[in-house]
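**Q**
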Amino acid sequence: MNIKRKLIVFDTDGVIFRSQYLLQLSFHSSFFHFFHAFFLCFLFSINVLPMRKLLERIYGSLKRISEDKFWEVYDNMKLVDNAKEAINSLKRKGHSVALISSGVPDFLMKDLAKKLEADCGHGIGTQFDKGTFTGEISGLLTFHDGKTRVVGKLLQEGEFTWDDVIVVGDDRNNLDVMSHAKISIGYNPNYQVRKKTKYVTDSYDLNKVLTYVEINEGPSFIELSKSLSKEFTYSWKQEFRRKGVHVCTAFIPFFTTIHYTLTLYLLMGITILFIISEWLRLNAVSLPVINLITKYCIRTSEQRHFTLSPVTLSVGVMCALIFFPRTIACAVIMIVAFSDSIATMVGRFYGRNRIPYNQRKSLEGTLAFFISATICTIFYFPLYTALAASFVSCIIESLPIKADNLTIPLGTGLFLTLLTYY
């Protein structure tokens, strides 16, 4: 099959380099320069400071640094996994690869392109006087639309069009060139890029980008079959991991017998920490343990958005513990922990008959929910009460409400309270 030649444009900081060259250079200058650069980068990320001003102020503060220091910091920059391998793979398929940066000097970008065997590298102009940096910068890439203008020149030189361009980037400085390109890929992107790119990958392995390039090449039947098989296998594993976290809530009633108040405080603390970690994840910053769990549990559709399910689950459990007697709280927590998980697994992989008022749910999944909810509840209440509570929770679960981790314990708990005490 003939593959149409593409121009693949890679940002450098955060895409080829694991970190930001300019921040590393500032850090090696002094802690004050690093703090100053970090603050200015923050202002840039929230649209307060334009690209030109950002570069002028940071590089201006770094004048009198030797050219050797520029090279030393560059040589110590860590690359993402399989950077050279991914670029070589693209080159073997006939594509052209360009490395473009608005933060790395041009002479270093030329060297990086040579090392990684890319077709070209472009960075900002930096002025030196007798081996010492003057603080002056120049070139198209010092402006907000610099990448678009540089790529425009590459299109003329290589006889490409914008329909042949694929851009891989992570921050808002890439949004302009991404808006012109046929395909945009967010690589560990911040939220502004994450919500606008066609594809998103959260990984430090550059080979992950190849998947999205291949999709747009029009895969063969065999390649497509392998891809679907891999996706199905991943989906199974992902759901098991996801529901494994869900089932862990079954241990919470036990912890409340040891120390009720401490358990509640821990739940609140974990919930707040998760909310913070999600905000950081959406802006390409990882908390080691929590983000690792999130990475292996979230669905593909949740990559671009805040993952709300763990929050509603935690809040639902806390509300059950606070508002209902212990027996009722234990019963509804068990239903949320086990029944909701079982219903999702059965419905996702074996569901064939859709519920008329909620096409996202299946009769098979709902039946599995009812049976497992009855088993969970019968340990705490008589059979008729367990059946009634399971039926109510089953109805709540089947409704087209996304926050069922919250509505199931509250609704079922309220029903059991009314049935038992009134």
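Quick note, in our numbering, the sequence shown goes up one by one and the last residue is 1884. Backbone N, C-alpha and C define an ideal beta-carbon position, used for all residues, glycine too. Just so we're clear, the structure is a prediction, and the values are computed from it rather than from any experiment.
With the cut-off set at 9 angstroms, would you say Asp1664 and Gln1765 are in Cβ contact?
**A** yes
**Q** Report, in whole angstroms, the separation of the C-beta atoms of Leu1872 and Cys1781, which I expect to be a contact under 8 angstroms.
**A** 6 angstroms
**Q** For Cys1582, list the residues DSSP reports as bridge partners.
**A** Ala1560
**Q** If you compare alpha carbons, which of Tyr1536, Ala1643 and Arg1611 is closest to Thr1474?
**A** Looking at Tyr1536, Ala1643 and Arg1611, the one whose alpha-carbon comes closest to that of Thr1474 is Tyr1536.
**Q** Taking the beta strand (DSSP E) that Ile1599 belongs to, which residues open and close that run?
**A** Thr1594 to Ser1600
**Q** Mind pulling the alpha helix (DSSP H) runs of 4 or more residues that sit fully within the stretch 1788-1859?
**A** 1788-1796, 1802-1812 and 1825-1839
**Q** Note down the Cα distance separating Tyr1696 from Ile1520, rounded to an integer number of angstroms.
**A** Below a pLDDT of 50, predicted positions are generally treated as unreliable, and Tyr1696, at 45, falls in that range; no measurement from the model is reported.
**Q** CA-CA distance, Gly1827 and Pro1715?
**A** 26 angstroms
**Q** Indicate whether Asp1633 and Val1655 have their beta-carbon atoms separated by less than 9 angstroms.
**A** In this structure, Val1655 lies closer than 9 angstroms to Asp1633 by Cβ.
**Q** Out of Gly1601, Cys1710 and Tyr1674, which has the shortest C-alpha to C-alpha gap to Ile1797?
**A** Ranking the options by Cα distance to Ile1797, first place goes to Cys1710.
**Q** As a quick exercise: from Phe1532, Asp1581, Arg1526 and Gly1597, pick the residue whose alpha carbon is nearest that of Lys1553.
**A** Asp1581
**Q** For Gln1765, which three-state DSSP category applies?
**A** coil
**Q** Report the three-state DSSP secondary structure of Thr1718 (helix, strand or coil).
**A** helix
**Q** When DSSP labels each residue in this structure, what does Pro1871 get in the three-state scheme?
**A** Residue state, collapsed to three classes: helix.
**Q** Consider the C-beta atom of Ser1481 and the heavy atoms of the ligand ADP; say whether any pair is separated by less than 8 angstroms.
**A** In terms of ligand content, the structure shown is empty, and the ligand ADP therefore cannot be addressed.
**Q** Taking only the alpha-carbon atoms, compute the straight-line gap between Ile1549 and Leu1578 and give it to the nearest angstrom.
**A** 7 angstroms
**Q** Just curious, the alpha helix (DSSP H) that Asp1625 is in, first and last residue?
**A** No alpha helix (DSSP H) holds Asp1625; DSSP gives it neither H nor E.
**Q** Just tell me which of Pro1567, Arg1526 and Val1671 has its CA closest to the CA of Ser1491.
**A** Arg1526
**Q** State the beta-bridge partners of Phe1713 as determined by DSSP.
**A** Phe1713 pairs with nothing; no bridge assigned.
**Q** How many whole angstroms separate the CB atoms of His1642 and Thr1604, which I take to be in contact at a CB cut-off of 8 angstroms?
**A** The C-beta separation of His1642 from Thr1604 comes to about 19 angstroms, leaving the pair out of contact by the 8 angstroms criterion.
**Q** Report all residues from its chain with a CB closer than 6 angstroms to the CB of Asn1544; omit the five preceding and five following residues, and keep chain order.
**A** Asp1667, Leu1668 and Asn1669
**Q** Tell me whether the beta-carbon of Leu1742 lies closer than 9 angstroms to the beta-carbon of Phe1768.
**A** Their beta carbons are not under 9 angstroms apart, which means Leu1742 does not touch Phe1768 by this criterion.
**Q** What residues are listed by DSSP as bridge partners for Asp1667?
**A** According to DSSP, which records beta bridges pairwise, Asp1667 is partnered with Asp1543.
**Q** Go through its chain and collect everything with a Cβ distance to Gly1631's Cβ below 6 angstroms, but skip five positions before and after it.
**A** Asp1473
**Q** Determine, using beta-carbon pairs with one atom in the stretch 1798-1814 and one in the stretch 1825-1842, whether at least three such pairs fall under 8 angstroms.
**A** yes
**Q** Would Phe1496 pass as a contact of Phe1595 if the rule is Cβ separation under 9 angstroms?
**A** The answer is no: Cβ separation not under 9 angstroms.
**Q** Less than 9 angstroms between the beta carbons of Ser1855 and Phe1841, yes or no?
**A** In this structure, Phe1841 does not lie closer than 9 angstroms to Ser1855 by Cβ.
**Q** Keeping to the same chain, check which residues put their C-beta closer than 7 angstroms to that of Leu1502; ignore five residues upstream and five downstream.
**A** Shown here for Leu1502: same chain residues with a beta carbon closer than 7 angstroms to its own, the five before and five after excluded, namely Leu1511, Leu1516, Arg1519 and Ile1520 in chain order.
**Q** Within the stretch 1478-1546, note down every full alpha helix (DSSP H) run reaching 4 residues or more, in order along the chain.
**A** Qualifying alpha helix (DSSP H) stretches, in chain order: 1483-1491, 1493-1507, 1513-1523 and 1529-1537.
**Q** Along the chain, where does the beta strand (DSSP E) that runs through Phe1472 open and close?
**A** Leu1469 to Asp1473
**Q** To which residues of the same chain is Asp1530 closer than 8 angstroms at the C-beta, ignoring the five residues directly before and after it?
**A** Gly1593
**Q** From Pro1818 to Pro1862, what does the alpha carbon distance come to, in whole angstroms?
**A** Going by the C-alpha atoms only, they are around 11 angstroms apart.
**Q** Identify, in the order they occur along the chain, each residue of the same chain with its Cβ nearer than 7 angstroms to the Cβ of Phe1489, setting aside the five sequence neighbours on each side.
**A** If we look at Phe1489 and ignore the five residues flanking it on each side, its Cβ neighbours are Phe1496.
**Q** Which same chain residues end up closer than 8 angstroms to Ile1858 when comparing Cβ atoms and leaving out the 5 residues on each side of it in sequence?
**A** Asp1866, Thr1869, Ile1870, Gly1873 and Thr1874
**Q** Of the residues Leu1829, Ile1790 and Phe1590, which one's Cα is nearest the Cα of Gly1809?
**A** Leu1829
**Q** Is Phe1736 helix, strand or coil when you go by DSSP?
**A** Under the three-state reduction of DSSP output, Phe1736 falls in the helix class.
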